[in-house]
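Below is one structure, written out as structure tokens; the observations come after it.
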Amino acid sequence: MLAGTRAAKPAESIKWLTIEQAAERMKTEPRKLVIDVYTDWCGWCKKMDKDTFTDPAVAALINKHYYAVKLDAEGKEPITLNGQTFTYNPQNRAHDLAVALLNGQMSFPTTVYLDEELKMLSPVPGYLDAKSFLQISRYFGENHHKTVSWHDYKSQVK
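Under this note's numbering, the first residue of the sequence shown carries the number 8, and numbering increases by one thereafter.
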């Protein structure tokens with residue numbers, strides 16, 4: 008190798024899991040969950056996949072503090088979580104788990120943050136660019152939410 012040159016290290020990417028895989032890992036290594044609730048037809052969801060989730064800083068932060076899950080809000084496969092099975096509901100044209108996570112506010116994309124016990128921290132509806140996503144993910148991932156309000160945190164971290 009030439010002096011002064013280094014092999015480029017490939018950028019880190021988010022390690023996506025199913026929610027069942029994440030729940031299983033939480034038994035031995037508890038972490039928070041970040042869930043990308045999306046649909047196949049959602050343009051803003053695709054933009055987050057392309058721009059936000061490929062950002063190396065986003066990937067590094069998510070992989071450090073969270074288990075990352077993608078949840079198709081219109082997925083047809085049953086999902087069993089903590090002994091409860093969630094299924095696709097044709098009347099809602101949505102998966103019951105997505106309805107539960109979004110509190111019935113079906114907006115895509117929505118990023119859902121859960122704590123280490125799968126308790127809701129916050130659903131965050133709408134497209135988030137990498138900067139906004141990092142700010143929110145640090146707030147929960149680094150446990151700032153336990154000591155400072157979101158409003159105060161946001162004004163401290165510009």
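We treat Cβ as the ideally placed atom computed from N, Cα and C, and that holds for glycine.
- About 17 Å separates the beta carbon of tyrosine 120 from that of alanine 80, a gap too long to meet the 8 Å contact definition.
- Apart from the 5 residues on each side of it in sequence, alanine 66 sits with its Cβ closer than 6 Å to the Cβ of Glu19, Ser20 and Ile21 in its chain, given in chain order.
- Setting aside the 5 residues that flank it on each side, histidine 151 is surrounded in the same chain by Arg145 and Tyr160, each with a C-beta closer than 8 Å to its C-beta; the list follows chain order.
- Restricting attention to beta strand (DSSP E) runs no shorter than 3 residues, the region 17 to 49 encloses them at 39 to 45, ordered along the chain.
- In the DSSP annotation of this structure, the continuous segment of the beta strand (DSSP E) that includes proline 132 starts and ends at 127 to 132.
- Residue state for leucine 109 is assigned as coil, using DSSP reduced to three classes.
- By the 16-neighbour rule on beta-carbons within 10 angstroms, threonine 118 is buried.
- Relative to the Cα of proline 130, the nearest Cα in the group Pro85, Asn70 and Leu108 belongs to Leu108.
- Burial state of methionine 55 is buried, judged by a 10 Å Cβ sphere holding 16 or more other Cβ atoms.
- Judged by DSSP in its simplified three-state form, leucine 135 adopts coil rather than helix or strand.
- Looking at the backbone, the Cα of leucine 24 and that of alanine 101 are separated by about 20 Å.
- Under DSSP, valine 76 forms a beta bridge with Leu24 and Ile42.
- Beta bridge pairing from DSSP links phenylalanine 93 with Ile86.
- With respect to the C-alpha of valine 41, the residue from Cys49, Gln163, Thr35 and Ala30 having the closest C-alpha is Ala30.
- With distances taken between CA atoms, glycine 90 lies nearest to Glu27 out of Glu27, Asp136 and Pro37.
- A direct Cα-Cα distance of roughly 9 Å separates glycine 133 from cysteine 52.
- For valine 119, the enclosing beta strand (DSSP E) starts and ends at 117 to 121.
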